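Below is one structure; the comments refer to it alone.
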Amino acid sequence: LFGALPLALGTGDGAELRQPLGMAIVGGLVLSQLLTLYTTPVVFVLMDRLSGRAWRARRARWAARRHAGLASNAPANHPVLP
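Just so we're aligned: 62 in my numbering is position 60 of the sequence shown, and the numbers increase by one with no gaps anywhere.
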């Protein structure tokens with residue numbers, strides 16, 4: 003990033019031809035760094051939340067199946083033997 007600053011801010015012979023290139027390089031690097039620093043943590047937080055919700059839903063389904071299986075196989079007045 004700092005290596006392209008003289009190209010973007012330079013004056014002298016031919017600077018009018020090199021300044022747009024330097025500005026494009028600096029702008030692209032700054033934008034990509036900002037996007038990387040802000041979007042990567044946000045994506046990881048969203049993925050963590052979604053996986054937590056999926057895990058809780060899966061555990062609830064397992065518990066419901068286990069409860070339904072015990073209720074349907076064993077009558078209420080008979081003990082369940084191992």
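Positions of the beta carbon are idealized from the N, C-alpha and C atoms, including for glycine. Remember, predicted model here, so these are calculated numbers, not experimental data.
By the three-class DSSP mapping on this structure, what secondary structure does residue i have?
{"i": "D50", "result": "helix"}
{"i": "L3", "result": "coil"}
{"i": "T38", "result": "helix"}
{"i": "G12", "result": "coil"}
Give me the Cα-Cα distance between residue i and residue j, rounded to the nearest whole angstrom.
{"i": "A26", "j": "A62", "result": "53 Å"}
{"i": "A56", "j": "L19", "result": "55 Å"}
{"i": "D15", "j": "L33", "result": "29 Å"}
{"i": "Q21", "j": "P43", "result": "34 Å"}
{"i": "F46", "j": "A59", "result": "20 Å"}
Looking only at its chain, what residues have a beta carbon closer than 6 Å to the beta carbon of residue i, apart from the 5 residues adjacent to it on each side?
{"i": "L31", "result": "L3"}
Who are the near neighbours of residue i in its chain, counting only those whose CB is closer than 8 Å to its CB and skipping five residues on each side?
{"i": "T38", "result": "none"}
When you compare the CB of residue i with every CB in chain C, is at least one pair closer than 8 Å?
{"i": "V44", "result": "Checking the listed chains, one finds no chain C in this structure; it contains a single protein chain."}
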